[in-house]
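See below for the structure under consideration.
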Amino acid sequence: MGQITIVHCGVKNKNGIMSRVLRRALSAYGGVQWFDGAAVSCPDQRPRFLLYECTDIPKITSGAGILVFDNGFVYSQEASRAFSDGFVPILEGENREAAKALKGTGKIAVTCSPSARGTLSIASLDYERAAVSLQRDLWILDGSVVEPMEIIVGLSQKTPAYPLMAACGILLLSGVEGSYYF
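So this is what it looks like as structure tokens:
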């Protein structure tokens, strides 16, 4: 699989916690090039991931990738656009604004929740370590299926639950299985 595109929607601050966690995780598992709306940064030679950070859903006409909704995302009918069927949405289970943007699209989202209701949930979380549970089968970008499992994540710094689960979701959808450290 070539470079994997991730669109992070709802970014209010390019140095916000979600942006920092995603860049840290993606850098650890293949490298990341990112565009924050003003500048392109590519600290890695041949990055596996392209992270595009924006406030709204950009027009995505083709291809495959991952669309991650920040909890700061605000739905706007004018600013929200259709996106390719190949893009898999990830959102926090209580994010009503992201749910509005997905309503009527027929897309099956990867939901992140502190309870077992989400596709991904937190089994435990402390400063140095977390356990994230994949609650059901997950069709990943290459067309294969990942079965329910527990993912142990070593943490280099304090990480909130939703950015942690979103990063795990991206890695799983990209075919990176096992325990993680970021």
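Just so we're aligned: the sequence shown equals residues 0 to 181 in numbering that gives the first Met the number 0. Here a beta-carbon is modelled for each residue, glycine too, at the ideal position from N, C-alpha and C.
| Asked | Found |
| --- | --- |
| Using a 10 Å radius around the Cβ and a threshold of 16 neighbouring Cβ atoms, would you call R22 buried or exposed? | buried |
| Between K102 and Y126, what straight-line distance do the alpha-carbon atoms span, to the nearest angstrom? | 36 Å |
| Taking the straight line between their C-alpha atoms, what separation do you get for V73 and N94? | 10 Å |
| Please go through the same chain and pick out, in chain order, the residues whose beta-carbon is closer than 7 Å to the beta-carbon of A115, but skip the five residues on each side of it. | Q134 |
| With distances taken between CB atoms, is the gap from Y51 to V6 smaller than 8 Å? | yes |
| Just verifying my parser: in three-state terms, what is the DSSP assignment at R19? | helix |
| Where does the unbroken alpha helix (DSSP H) through E96 begin, and where does it stop? | 95-101 |
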